[in-house]
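> So the sequence lines, in the order shown, correspond to chains A and B. Mapping of the first sequence onto this note's numbering: residues 13 to 353, in sequence order. Mapping of the second sequence onto this note's numbering: residues 13 to 353, in sequence order. A virtual CB, placed ideally from N, CA and C, is assigned to each residue, including glycine.
Number of protein chains: 2
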Amino acid sequence: MTPTDRSHPAPRRVRMEEVARVAGVSPATVSRALKSPETVSERLRARVQEAAARLGYAPNRIAGSLAGARTPLVGVIVPSLTNSFFAATLDRMTTILEAEGYQLLIGQHAYDAAREERIATAFCSWNPSALVITGRDHTRGTVGLLSAAPCPVVEMWDHDDRPLDTGIGFSNREAGRLAGRYFAEQGFDKVAYVGAILGQDARARARSQGFAEQVRHLAGQDPLIADAKSRELGEGAAALRQILQRQPDTRAIAFSGDMLAVGAMFEAARMGLRIPQDLAILGYGDLDIAAHTNPPLSTIRPPHDEIGAAVARHILHRLAVPEAQSENVDLGVRLIRRLSA
Amino acid sequence: MTPTDRSHPAPRRVRMEEVARVAGVSPATVSRALKSPETVSERLRARVQEAAARLGYAPNRIAGSLAGARTPLVGVIVPSLTNSFFAATLDRMTTILEAEGYQLLIGQHAYDAAREERIATAFCSWNPSALVITGRDHTRGTVGLLSAAPCPVVEMWDHDDRPLDTGIGFSNREAGRLAGRYFAEQGFDKVAYVGAILGQDARARARSQGFAEQVRHLAGQDPLIADAKSRELGEGAAALRQILQRQPDTRAIAFSGDMLAVGAMFEAARMGLRIPQDLAILGYGDLDIAAHTNPPLSTIRPPHDEIGAAVARHILHRLAVPEAQSENVDLGVRLIRRLSA
DNA sequence: TCAAGTTTTGAAAGCGCTTTCATATGCGCC
DNA sequence: GGCGCATATGAAAGCGCTTTCAAAACTTGA
Chain A
13 MTPTDRSHPA PRRVRMEEVA RVAGVSPATV SRALKSPETV SERLRARVQE AAARLGYAPN
73 RIAGSLAGAR TPLVGVIVPS LTNSFFAATL DRMTTILEAE GYQLLIGQHA YDAAREERIA
133 TAFCSWNPSA LVITGRDHTR GTVGLLSAAP CPVVEMWDHD DRPLDTGIGF SNREAGRLAG
193 RYFAEQGFDK VAYVGAILGQ DARARARSQG FAEQVRHLAG QDPLIADAKS RELGEGAAAL
253 RQILQRQPDT RAIAFSGDML AVGAMFEAAR MGLRIPQDLA ILGYGDLDIA AHTNPPLSTI
313 RPPHDEIGAA VARHILHRLA VPEAQSENVD LGVRLIRRLS A
Chain B
13 MTPTDRSHPA PRRVRMEEVA RVAGVSPATV SRALKSPETV SERLRARVQE AAARLGYAPN
73 RIAGSLAGAR TPLVGVIVPS LTNSFFAATL DRMTTILEAE GYQLLIGQHA YDAAREERIA
133 TAFCSWNPSA LVITGRDHTR GTVGLLSAAP CPVVEMWDHD DRPLDTGIGF SNREAGRLAG
193 RYFAEQGFDK VAYVGAILGQ DARARARSQG FAEQVRHLAG QDPLIADAKS RELGEGAAAL
253 RQILQRQPDT RAIAFSGDML AVGAMFEAAR MGLRIPQDLA ILGYGDLDIA AHTNPPLSTI
313 RPPHDEIGAA VARHILHRLA VPEAQSENVD LGVRLIRRLS A
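1) Using a Cβ-Cβ distance under 9 Å, would B/Arg-282 count as near chain A?
2) Short check: CB of A/Asn-340 to CB of A/Thr-178, under 9 Å?
3) Anyone know if the C-beta pair for B/Gly-119 and B/Gly-87 falls short of 9 Å?
4) Identify the residues that DSSP records as bridge partners of A/Ile-293: which are they?
5) From B/Thr-51, B/Arg-57 and B/Leu-236, pick the residue whose C-alpha is nearest to that of B/Ala-32; which is it?
6) Could you give the residue range of the beta strand (DSSP E) that holds A/Val-52?
7) Identify the contact partners of A/Thr-106 in chain B, using a Cβ-Cβ distance below 8 Å as the criterion.
8) For the stretch 76–84 of chain B against the stretch 97–106 of chain B, do three or more pairs of beta-carbon atoms, one drawn from each stretch, fall closer than 8 Å, so that the two count as touching?
9) Quick one: complete alpha helix (DSSP H) runs, 4+ long, within the stretch 192–264 of chain A?
10) Please decide whether B/Arg-148 counts as near chain A, where near means a Cβ-Cβ distance under 9 Å.
11) Given that A/Leu-56 touches chain B, what residues does it touch there, using C-beta distances under 7 Å?
12) Around the Cβ of B/Met-385, are there at least 16 other Cβ atoms within 10 angstroms (buried) or fewer (exposed)?
13) State yes or no: is the C-beta of A/Gly-297 nearer than 8 Å to some heavy atom of the ligand MG?
14) Can you tell me whether A/Gly-113 is helix, strand or coil according to DSSP?
15) Under 9 Å between beta-carbons, which chain B residues line up against A/Gly-246? List them in chain order, please.
16) Beta-carbon separation of A/Arg-325 and A/Ile-108 under 9 Å?
17) For the beta strand (DSSP E) containing B/Arg-350, list its first residue and its last residue.
18) In chain A, which residues lie less than 9 Å from B/Asn-139 when you measure between Cβ atoms?
19) Using a Cβ-Cβ distance cut-off of 9 Å, determine whether B/Thr-151 contacts chain A.
20) Compare the C-beta of B/Glu-339 with all C-beta atoms of chain A and state if any pair is closer than 9 Å.
21) On a Cα-Cα basis, can you pick out the residue from B/Ala-161, B/Asp-170, B/Gly-320 and B/Leu-230 that is closest to B/Arg-219?
22) Would you say A/Gly-232 faces chain B, with C-beta separation under 9 Å as the test?
23) Rounded to whole angstroms, what is the Cα-Cα separation between B/Leu-343 and B/Leu-236?
24) Can you pull the chain A residues whose beta carbon is under 9 Å from the beta carbon of B/Thr-133, in chain order?
25) Going by other Cβ atoms of all chains shown within 10 Å of its Cβ, with 16 needed for buried, is B/Gly-207 buried or exposed?
26) Across the stretch 60–78 of chain A and the stretch 32–43 of chain A, are there enough close Cβ pairs to call them in contact, namely three or more that are closer than 8 Å?
27) Counting only Cβ pairs nearer than 8 Å, list the residues of chain B close to A/Gln-3.
28) Does B/Glu-318 come within less than 9 Å of chain A when only Cβ atoms are used?
29) Comparing C-alpha positions only, which one of B/Arg-349, B/Leu-157 and B/Arg-330 sits nearest to B/Ser-141?
30) Please identify the residue among B/Arg-350, B/Lys-241, B/Glu-128 and B/Ala-111 whose C-alpha is closest to the C-alpha of A/His-121.
31) Which parts of the stretch 142–181 of chain A are runs of the alpha helix (DSSP H), unbroken and 4 residues or longer, counting only runs that do not cross its ends?
32) Between the beta-carbon of B/Ala-224 and the beta-carbon of B/Ala-240, is there less than 9 Å?
33) Please confirm whether A/Leu-230 and A/Gly-192 have their CB atoms less than 9 Å apart.
34) Using a Cβ-Cβ cutoff of less than 8 Å, which residues in the same chain neighbour A/Asp-172 once the five nearest sequence positions on both sides are dropped?
35) Give a yes or no on whether 9 Å exceeds the smallest Cβ distance from B/Ser-268 to chain A.
36) CA-CA distance, B/Val-155 and A/Ala-99?
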């Protein structure tokens with residue numbers, strides 16, 4: 013059975029025609045009274061609205077969309093729903109867009125490019141008002157699809173030169189550089205970086221590259237880099253042990269995720285290391301937990317919810333003002349300085 | 013401008029009729045060749061599929077849905093996207109449903125019942141294949157809407173006697189009871205509970221009630237209950253101080269959230285209390301962090317992702333087997349015993 | 001070979017709205 | 001009071017597909 017099968021037949025709902033009959037007007041008037049009340053006389057508008065309310069009329073958006081050539085749907089594709097960064101972005105987006113009558117169609121691809129393309133294809137066939145996709149790295153097919161899409165397309169989270177249409181994000185490389193620069197400013201000589209260097213997460217890789225680049229540039233040496241297989245606490249603890257073994261006099265470590273950093277802080281406490289006196293620790297993400305560790309974790313904060321808000325507002329603007337242009341905005345990252353570094 | 017406005021005119025896409033012309037068949041045959049290939053002769057099917065591929069034809073789902081009377085859309089309403097429990101549920105649901113060609117329409121109401129009703133109304137007007145809503149507590153309007161919905165309706169996360177249609181969840185009260193029972197079994201006499209007793213979160217309240225009920229029943233005394241205004245680390249630390257002040261010989265504390273518990277563990281470490289020797293701590297949620305604290309946190313695990321999987325499978329079953337019945341399933345909670353209690 | 005199936009195919013009727021276009025209605029003014 | 005204009009309303013034509021129904025094309029068995 014396919015999704016559009018008819019086997020669960022719908023008891024017929026109230027249709028516009030019925031409202032029209034009850035209100036004693038034509039369906040056209042009902043449509044106008046409901047969608048653009050200002051074009052209908054006071055008297056009829058009241059009659060129609062009352063009839064609609066009395067019958068419990070809910071317009072069929074499918075029909076409306078077919079006739080209207082565009083749906084109040086915004087398709088959003090993220091790698092994962094459980095990643096709290098994307099969740100924060102989606103949270104802001106839904107809140108803003110829902111208030112304007114749009115609905116979010118959400119798909120997740122788990123970093124699988126083929127799945128991303130399938131979802132993008134499926135979303136396009138809904139004639140959405142806008143399409144939002146995470147990142148700048150897509151299959152040829154996805155790129156073709158998005159380039160040809162008859163609606164605004166936003167690539168979010170990553171910033172670089174030439175988005176397909178609009179780009180709203182920040183530079184992960186710059187986030188890494190910021191950490192490197194901060195360590196240099198603090199005069200830390202022996203530093204290290206912990207992150208998923210080998211995985212398929214290009215964002216994490218960009219951060220570690222930015223860090224290494226800046227350390228090399230400012231301190232004239234290569235930082236020690238340790239790979240983390242996951243972003244969980246235990247992995248941070250393991251990375252700390254590994255780093256101290258390979259470079260016992262390490263003075264500061266930047267982590268590619270707050271959880272890794274917190275794990276390392278737990279481990280450091282176990283080892284009797286004082287933070288930040290013996291070892292400075294810098295996180296990335298600014299999760300809720302960061303403000304509440306002991307000592308509170310200094311961290312680099314990506315603009316997760318700002319991205320959601322900016323994307324939503326850009327879309328609303330593009331849809332409201334037909335001549336509005338695409339944009340390419342870098343929302344930047346901030347270093348939240350607490351006590352751990 | 014309204015969402016269905018026409019001001020951003022779509023460059024006309026390839027339509028079924030065009031595929032039909034190129035393949036030299038009728039539109040009806042194209043429709044069949046694409047949606048139910050087994051009803052079309054080998055020869056024509058190949059011709060149609062080739063023509064469709066060559067033209068890059070993507071069916072217009074809006075039109076298909078209008079004609080087919082049902083959309084491959086599943087509407088899901090959750091209180092919050094950033095809550096990792098619901099995120100885990102949604103994650104499983106999308107993964108399973110996307111694989112079968114369904115798309116998720118996701119709405120969040122931030123615990124605002126009126127907003128919930130608005131979203132439910134909006135979702136109904138899409139003629140979804142199924143509707144999923146979090147919890148059992150809705151406005152009259154929402155209840156009416158869901159009862160009349162011409163599709164399967166699942167109320168998830170909470171379990172009780174009479175769901176409107178299908179219910180898939182667990183009992184928060186039972187989760188609280190489980191904690192109380194565990195403490196009694198361990199022979200802890202002076203116990204306490206920390207949770208959002210006063211907030212609008214009925215689930216948290218049910219857990220604290222279950223806990224109190226069981227302690228009263230098994231230990232013959234009322235536990236000390238402390239309110240937590242948020243679910244963050246700092247609040248757990250504050251609650252711990254408050255409890256030890258009011259009841260210095262407290263032997264075990266159950267928390268309504270892992271983060272609160274972790275915060276309390278940090279604070280206990282600062283105060284020089286040993287866990288679990290001096291004080292046993294039990295969390296709720298089984299977040300990733302729980303397995304990695306020091307000592308690892310014992311906690312009660314709600315079936316977050318199991319709910320997602322069960323809901324998705326129930327929906328697929330209901331849609332595939334027209335005579336399938338609604339269900340009411342309690343997925344239960346588990347006590348994950350680690351070292352903190 | 002022909003009648004009686006059986007399977008494939010196509011024509012056409014919607015699905016429930018929106019929107020255009022034409023008609024009706026009301027208004028101000030000479 | 002009648003003319004022209006602006007505004008309010010209705011009729012009707014789709015939007016692009018699915019599905020029913022009937023006709024056409026094949027089978028099969030006698």
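For this structure:
1) For the purposes of this step, residue 282 of chain B is taken as the residue at position 270 of the second sequence. By this cut-off, B/Arg-282 is an interface position.
2) Here residue 340 of chain A refers to the residue found at position 328 when the first sequence is read from its first residue. Here residue 178 of chain A refers to the residue found at position 166 when the first sequence is read from its first residue. Cβ distance < 9 Å, so A/Asn-340 and A/Thr-178 count as in contact.
3) Taking the second sequence and counting its residues from 1, the one referred to as residue 119 of chain B is at position 107. Taking the second sequence and counting its residues from 1, the one referred to as residue 87 of chain B is at position 75. Yes, they are a contact pair.
4) The residue labelled residue 293 of chain A in the question sits at position 281 within the first sequence. According to DSSP, A/Ile-293 bridges with A/Ile-265.
5) Working through the second sequence from its first residue, we reach residue 32 of chain B at position 20. Looking at the Cα atoms, B/Arg-57 is the closest of the given residues.
6) The residue given as residue 52 of chain A occupies position 40 in the first sequence. Looking at the DSSP string, A/Val-52 is not in any beta strand (DSSP E), and its letter there is neither H nor E.
7) On the first sequence, position 94 is the one that residue 106 of chain A refers to. Going along chain B in sequence order, the residues near A/Thr-106 (Cβ under 8 Å) are Leu-93, Ile-118, Gly-119 and Gln-120.
8) no
9) 214–231 and 245–258
10) Counting from one through the second sequence, the residue named residue 148 of chain B turns up at place 136. Cβ-Cβ to chain A under 9 Å: no for B/Arg-148.
11) Counted from its first residue, the first sequence places residue 56 of chain A at position 44. The premise fails here: A/Leu-56 is roughly 19 Å from chain B at the closest Cβ pair, so nothing lies under 7 Å.
12) Nothing can be reported for residue 385 of chain B: it is not among the residues displayed for chain B, which extend from 13 to 353.
13) This structure lacks the ligand MG, and indeed carries no ligand of any kind.
14) Sequence index remark: in the first sequence, residue 113 of chain A carries index 101 (1-based). In the structure shown, A/Gly-113 sits in coil (DSSP, three-state: anything other than H, G, I, E or B).
15) Locating residue 246 of chain A in the first sequence gives position 234, counting from the first residue. Within chain B, the residues near A/Gly-246 are Ala-303 and His-304.
16) Here residue 325 of chain A refers to the residue found at position 313 of the first sequence. Here residue 108 of chain A refers to the residue found at position 96 of the first sequence. A contact, by the Cβ cut-off of 9 Å.
17) The sequence position of residue 350 of chain B within the second sequence is 338, counting from 1. Per DSSP, B/Arg-350 belongs to no beta strand (DSSP E) and is neither H nor E.
18) On the second sequence, position 127 is the one that residue 139 of chain B refers to. Per Cβ cutoff of 9 Å: Ala-22, Arg-25, Asn-72, Arg-73 and Ile-74.
19) Numbered from its first residue, the second sequence carries residue 151 of chain B at position 139. So, not an interface residue.
20) Taking the first residue of the second sequence as position 1, residue 339 of chain B is located at position 327. Judged by the 9 Å Cβ criterion, B/Glu-339 is not in contact with chain A.
21) Translated into positions along the second sequence, residue 219 of chain B becomes position 207. Comparing Cα positions, the closest option is B/Asp-170.
22) Along the first sequence, one-based indexing puts residue 232 of chain A at 220. A/Gly-232 does not count as touching chain B.
23) Counted from its first residue, the second sequence places residue 343 of chain B at position 331. Counted from its first residue, the second sequence places residue 236 of chain B at position 224. Between B/Leu-343 and B/Leu-236, the C-alpha separation is close to 29 Å.
24) Here residue 133 of chain B refers to the residue found at position 121 when the second sequence is read from its first residue. In chain order: Ala-70.
25) Within the second sequence, the letter at position 195 stands for residue 207 of chain B. With 16 or more Cβ atoms within 10 Å of its Cβ, B/Gly-207 is classed as buried.
26) yes
27) A question about residue 3 of chain A goes unanswered here, because the residues of chain A that appear run from 13 up to 353.
28) Working through the second sequence from its first residue, we reach residue 318 of chain B at position 306. No, no contact with chain A.
29) In the second sequence, the residue the question calls residue 141 of chain B occupies position 129. That would be B/Arg-330, whose Cα lies nearest to the Cα of B/Ser-141.
30) Locating residue 121 of chain A in the first sequence gives position 109, where the first residue counts as 1. Considering only alpha carbons, the answer is B/Ala-111.
31) 152–160
32) Position 212 of the second sequence, counting from 1, holds the residue named residue 224 of chain B. Position 228 of the second sequence, counting from 1, holds the residue named residue 240 of chain B. No, the Cβ-Cβ distance between B/Ala-224 and B/Ala-240 is not below 9 Å.
33) Here the question's residue 230 of chain A lines up with position 218 in the first sequence. Here the question's residue 192 of chain A lines up with position 180 in the first sequence. Contact: yes.
34) As a first step, residue 172 of chain A is located in the first sequence; it is residue number 160 there, counting from the start. Answer for A/Asp-172: Arg-148, Gly-179 and Ser-183, listed in chain order.
35) By one-based count along the second sequence, residue 268 of chain B stands at place 256. For B/Ser-268, the answer is no, since every Cβ of chain A falls outside 9 Å of its Cβ.
36) As a working note, residue 155 of chain B is residue 143 in the second sequence. As a working note, residue 99 of chain A is residue 87 in the first sequence. B/Val-155 and A/Ala-99: Cα-Cα distance of roughly 28 Å.
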